[in-house]
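Counting the sequence shown from 1 gives a position; the numbering used here is that position plus 176.
Just so it is clear, CB atoms sit at the ideal spot from N, CA and C, and this is done for glycine as well.
Because the structure is a prediction, the values reported are computed rather than measured.
Presented below is the structure to which this report refers.
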Amino acid sequence: MKKNKRVGSLITELLSHPSKQYSYKDFCTKFDIAKSSLSEDIAIAGEVIAEEGIGKLETIQGANGGFRYIPSLSSNKLDNLQRTLASKLSDPSRILGGNFLYTSDLMFDSQLTRSMGAYFAGEFANLKADYIVTVETKGISLAADVAFMMNLPLVVVRREAKYSEGSTVSINYFSGSYDRIQKMSIAKRAVAPNKRAIIIDDFMRGGGSLKGVTEILSEFDIEVVGAGVAIASREPSKKKISSYLPVIYLDSIDEESKVIVASFDRAKNADNK
């Protein structure tokens, strides 16, 4: 196989399996080439991926070393993503009343969630997480993309226990969005104790749901090492969690004037573990 075809095949494989670690032997055998030739191919593939603004190739040293593709978004691609979200969110027809917005179309737009997934994967790449965790239902699509990008299992916390999941652990938590006590549960078989998790959600107002997920995971001695949300409300300014990373902020909703203000000036520098 000629070099240009090898590089194309290498990029295709890496993009299809983000965050998966490969050994040099895997591709030396596949292409029937020496390690020195593969190193050149990897360098070229890394340049292409970097120039496209979709991540980087990381080399791992040592006896069990190799290389892997780490997804991320360049600053330009992140800016375009945030501008697109801000524009879509500003549509006054989204106002449902009671300061609620219709966002299901955004959370089930595979192009948007894939881009947001790449953003979170790049930001959380070094957290050494074992799980991506979300709460049903609108955040599942985004969380699934993050899990794919980070090559991690996805765990869905249920609003109500399902018989098909076997034994569960349940807690009650206060939801600021709905201003009432709600319940969430997780199957005992879904996670193992003493692990690390990243929480992904579609929307955060006061942080009650994320705090609830943190508490239910603590029942398994699982440490939450990061939290990412697609849209974070500016108000209330004091959240129930201290550390999170949003893609975009929802500044205000004026039902009477039919005006929605969304911004992303601070989202790039949000306080996050």
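Candidates the options: closest to residue i by CA position
i: V423; options: A408, I429 and S433; result: A408
i: T279; options: S212, S418 and M380; result: M380
i: I187; options: S351, K211 and E223; result: E223
i: M292; options: P247, H193 and Y200; result: P247
i: K416; options: I398, E391, S433 and A438; result: E391
i: S251; options: I230, F284 and G238; result: I230
i: S215; options: S195, R244 and L191; result: R244
i: I316; options: K211, I376 and E299; result: I376
i: A337; options: L318, E312 and A320; result: E312
i: F150; options: R334, S192 and L328; result: Here the chain covers residues 177 to 449 and nothing more, so residue 150 does not appear.
i: D285; options: L303, N302 and K314; result: K314
i: K304; options: V400, G242 and N240; result: V400
i: D208; options: M177, S413, V345 and D321; result: M177
Coil, strand or helix - residue i by DSSP
i: M177; result: coil
i: N240; result: coil
i: V389; result: helix
i: T344; result: strand
i: T279; result: coil
i: P268; result: helix
i: K359; result: strand
i: A262; result: helix
i: K253; result: helix
i: S185; result: helix
i: Y339; result: helix
i: F396; result: coil
i: E411; result: coil
i: V423; result: strand
i: G293; result: helix
i: G274; result: coil
i: S195; result: coil
i: S418; result: coil
i: L190; result: helix
i: V367; result: coil
i: A210; result: coil
i: A217; result: Per the sequence shown, residue 217 should be read as Asp rather than Ala. Correct three-state label for D217: helix.
i: K444; result: Confidence at K444 is low in this model, with a pLDDT of 48, below 50, so its placement is unreliable and the value that follows should be read with caution. K444 falls in the helix class under three-state DSSP.
Contacting residues, own chain, Cβ-Cβ under 7 Å from residue i (five flanking each side not counted)
i: I220; result: V183
i: G388; result: I347, Y349 and M360
i: A226; result: K232
i: A131; result: This structure gives no information on residue 131, because the portion of the chain shown stretches from 177 to 449.
i: K371; result: D306, Y307 and I398
Cβ-based neighbour list, residue i, same chain, cut-off 6 Å, excluding 5 preceding and 5 following
i: F396; result: V367 and P369
i: K444; result: At K444, the pLDDT of 48 sits below 50, so the modelled position is not reliable; the number obtained from the coordinates is stated separately. Closer than 6 Å at the Cβ level, and outside the excluded window around K444, lies no residue.
i: M326; result: S195 and A297
i: L249; result: A294 and Y295
i: S439; result: Y425 and D427
i: Q258; result: I424 and F440
Own chain, CB closer than 8 Å to residue i, minus 5 neighbours either side, in chain order
i: I357; result: N348, Y349, F350 and S351
i: I436; result: L265, S266, D267, P268, R270, I271, L277, L426, S428, I429 and D430
i: V331; result: Y307, I308, V309, T310, I362, A366, V367 and A373
i: F324; result: P194 and G293
i: L288; result: L257, T260, L261 and L282
Bridge partners - residue i, DSSP secondary structure assignment
i: T205; result: Its beta-bridge partners do not exist; DSSP assigns none.
i: D430; result: V435
i: A373; result: Y307 and V400
i: K232; result: I246
i: M380; result: A408
i: Y200; result: Paired residue(s): none; Y200 is not in a bridge.
i: S351; result: R356
Taking the runs of the beta strand (DSSP E) that are 3 residues or longer, which of them lie wholly in the stretch 300 to 335? You should have 307 to 311 and 330 to 333.
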